[in-house]
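Just below is one structure, and these are the notes that go with it.
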Amino acid sequence: VIEGEIDNRVITSADISEGITRICMGLGKKVILANNLSIIVDTFFKDGDLASLTVMGTWYTVIVYAMQVYFDFSGYSDIAIGLGRIFGFHFDENFRYPFISKNITEFWQRWHISLGTFFRDYLLYVPIFGKRRKYLNLFLVWFCTGFWHGANWNYIIWGLYFGMFILIERTIGNKRMRKMPTALAHIYNTIVVVIGFGIFYFTDLGKLGTFLGNLIGLNGNAMFDMISAKNMMANAWLVIVCIILCMPVVPALKKKLESLDLYLVSTTGQTILNVASFALSSILLVNATNNPFIYWQF
Numbered sequence: 002v003i004e005g006e007i008d009n010r011v012i013t014s015a016d017i018s019e020g021i022t023r024i025c026m027g028l029g030k031k032v033i034l035a036n037n038l039s040i041i042v043d044t045f046f047k048d049g050d051l052a053s054l055t056v057m058g059t060w061y062t063v064i065v066y067a068m069q070v071y072f073d074f075s076g077y078s079d080i081a082i083g084l085g086r087i088f089g090f091h092f093d094e095n096f097r098y099p100f101i102s103k104n105i106t107e108f109w110q111r112w113h114i115s116l117g118t119f120f121r122d123y124l125l126y127v128p129i130f131g132k133r134r135k136y137l138n139l140f141l142v143w144f145c146t147g148f149w150h151g152a153n154w155n156y157i158i159w160g161l162y163f164g165m166f167i168l169i170e171r172t173i174g175n176k177r178m179r180k181m182p183t184a185l186a187h188i189y190n191t192i193v194v195v196i197g198f199g200i201f202y203f204t205d206l207g208k209l210g211t212f213l214g215n216l217i218g219l220n221g222n223a224m225f226d227m228i229s230a231k232n233m234m235a236n237a238w239l240v241i242v243c244i245i246l247c248m249p250v251v252p253a254l255k256k257k258l259e260s261l262d263l264y265l266v267s268t269t270g271q272t273i274l275n276v277a278s279f280a281l282s283s284i285l286l287v288n289a290t291n292n293p294f295i296y297w298q299f
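This is how it looks when you write it as structure tokens:
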């Protein structure tokens with residue numbers, strides 16, 4: 002699509018309007034949500050004593066970190082898509098609400114779609130391993146996915162970790178995976194994914210081991226403490242809003258309003274949301290320290 006638009010671009014008012022909306026959305030995700038979530042993560046994982054962090058505190062922080070990366074990276078993608086749209090380019094979506102997935106295979110069909118598509122097309126179906134091609138190519142894809150993020154061992158472990166679960170799901174089969182109760186499927190996906198984000202965060206393997214032990218109390222850490230509880234209470238609204246926005250609530254609401262012929266309400270609401278997001282992001286950026294997009298380092 003993009004190749005054809007290089008020579009035959011058509012810029013419409015609808016493209017410009019949608020582009021501005023995506024930029025405002027992306028800016029809000031990064032500045033309002035991701036940057037504030039990063040403060041919580043730094044409090045416990047970076048500045049705090051990881052070895053003494055409770056089981057509850059560890060799970061709370063890694064879940065917050067998973068959302069931080071999502072809003073940071075999807076915000077970056079929204080801004081890129083929006084800028085392209087303003088100039089007449091229609092880039093594919095890079096995220097499709099991955100946290101609503103029911104398994105790891107589906108998660109990676111919704112997360113960082115451009116990278117997954119590239120490795121799938123150029124590595125997964127390359128016939129270089131003969132009869133064992135399916136499994137060895139899958140190993141190669143996930144090894145390269147991890148290595149693409151950096152030469153640190155945690156990234157390699159992270160890639161192979163997800164590759165292992167995708168291999169298990171393929172072995173079990175799609176039909177059997179679909180038979181899993183919906184609630185249980187979401188719990189399974191969430192646990193696997195957030196642990197994966199913990200592996201992604203800790204480049205120091207010693208700290209990674211401490212983190213993994215903390216998840217189930219193997220380091221003698223307590224289950225609960227008031228420090229984590231107070232942080233959760235202080236940031237409750239931020240975390241709740243982020244959890245809601247990880248789901249396709251806004252598109253569903255917009256679609257519902259339009260189905261009721263309430264286009265003016267939908268359009269006005271979107272405009273107010275854009276202005277509010279841009280204004281609040283601008284205010285926060287005035288006094289903000291340097292807080293670049295996480296994926297700029299990759």
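Numbering (our numbering), first residue to last: 2 to 299. Using N, Cα and C, we set each Cβ at its ideal position, and we do this for glycine too. Only a predicted model underlies this, so the values are computations on that prediction, with no experimental measurement involved.
- Restricted to the region 92–151, the alpha helix (DSSP H) segments that are unbroken, complete and at least 4 residues in length are 105–111, 114–120, 134–150, listed in chain order.
- Annotation: N138 to M224 spans about 41 Å, alpha carbon to alpha carbon.
- When the five nearest sequence neighbours on each side are left out, the beta carbons in the same chain lying within less than 7 Å of the beta carbon of W154 are those of L206, in order along the chain.
- A straight line joining the alpha-carbon of I196 with that of S75 spans about 20 Å.
- The Cβ-Cβ distance between L51 and K208 falls below 8 Å.
- D79 counts as buried, since no fewer than 16 other beta carbons sit within 10 angstroms of its beta carbon.
- Within the same chain, and ignoring the five residues on either side of Y162 in sequence, the residues whose Cβ sits closer than 7 Å to its Cβ are G197, I200.
- For the options N104, I192, Y156, A237, the alpha carbon positioned closest to that of R177 is the one of N104.
- Of K31, R86, E170, the smallest CA-CA separation from Q69 is found for K31.
- Here DSSP, grouped into helix, strand and coil, assigns G160 to helix.
- Between R23 and I82, the gap from beta carbon to beta carbon is short of 8 Å.
- Secondary structure note for D73: its alpha helix (DSSP H) is the uninterrupted segment 56–87.
- Sequence-distant Cβ neighbours of N215 in its own chain, meaning closer than 6 Å and more than five residues away, are L54, T59, N222.
- When C-beta atoms of the region 92–108 are compared with those of the region 181–190, three or more pairs fall below 8 Å, so the two segments count as touching.
- Setting aside the 5 residues that flank it on each side, N275 is surrounded in the same chain by T22, C25, each with a C-beta closer than 6 Å to its C-beta; the list follows chain order.
- With fewer than 16 other Cβ atoms inside 10 Å of its own Cβ, S283 counts as exposed.
- Within the same chain, and ignoring the five residues on either side of L34 in sequence, the residues whose Cβ sits closer than 7 Å to its Cβ are F72, C243.
- I40 has its alpha-carbon roughly 10 Å from the corresponding atom of D48.
- Assigned with DSSP and collapsed to three states, M165 falls in helix.
- Closest in C-alpha terms to E19, from the list T268, F100, V63, G174, comes T268.
- For S282, the enclosing alpha helix (DSSP H) begins and ends at 264–287.
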